[in-house]
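A short worksheet on the structure shown next.
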Amino acid sequence: MERTACEECGGKIVRRKVDYIYLGENLGKFECDICTSCHEQVFPEKVFNKIENVAKEKGLWGLSAKSKVGQVGNSVAVTISKKIADFVNLKKGQEVNIYPQDKRKIVIELK
Ligand SMILES: [Zn+2]
4 MERTACEECG GKIVRRKVDY IYLGENLGKF ECDICTSCHE QVFPEKVFNK IENVAKEKGL
64 WGLSAKSKVG QVGNSVAVTI SKKIADFVNL KKGQEVNIYP QDKRKIVIEL K
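Every number in the numbering used here is 3 more than the matching position in the sequence shown, counting from 1.
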């Protein structure tokens, strides 16, 4: 099913190849429907399947993980999965900088 008008603003849709960035890595150029008016980008479903495959090949897929908050002394502790730790090359004993980005996000910055 080809989209011809933008669902957001009714603008004209053009199909172009654009870079797809996932977790900071460029997965390559993929066909994308772009609204000429509001510039909303929508990747067609079949293209998204291709993107998913490339992400899987690069070991980038499935890095998001649920974790329960535990407690160590007066502090709370969150476990980081091996997959995520390996992806960012995080090792035991390494020093990191932790700060809240906003009320819903905490950033762990590797040095
Ligand atoms: Zn639009």
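Glycine included, every Cβ here is placed at the ideal spot set by N, Cα and C.
_Going by the DSSP bridge assignment, what does TYR23 pair with across the sheet?_
Within the sequence shown, the letter at position 20 stands for residue 23. Partner(s): none; TYR23 has no beta bridge.
*ligand 1: which residues have Cβ under 6 Å from any of its heavy atoms, chain order?*
CYS9, GLU11, CYS12, GLY14, CYS38, SER40, CYS41, GLU43
*Quick one: complete alpha helix (DSSP H) runs, 4+ long, within the region 29-102?*
48-60, 85-91
*LEU26 classed as buried or exposed, judged by whether at least 16 other C-beta atoms fall within 10 angstroms*: Counted from its first residue, the sequence shown places residue 26 at position 23. Under this definition LEU26 is an exposed residue.
*Determine the extent of the beta strand (DSSP E) in which GLU112 is found, giving its start and end residues.*
Sequence index remark: in the sequence shown, residue 112 carries index 109 (1-based). Note, GLU112: beta strand (DSSP E), 108-113.
*ARG6 - DSSP class collapsed to helix/strand/coil*: As a working note, residue 6 is residue 3 in the sequence shown. ARG6: coil per DSSP, three-state reduction.
_If I measure Cβ to Cβ from GLN97 and keep anything under 8 Å in the same chain, skipping five residues before and after, which residues do I get?_
Working through the sequence shown from its first residue, we reach residue 97 at position 94. Cβ neighbours of GLN97 beyond the five flanking positions: LEU113, LYS114.
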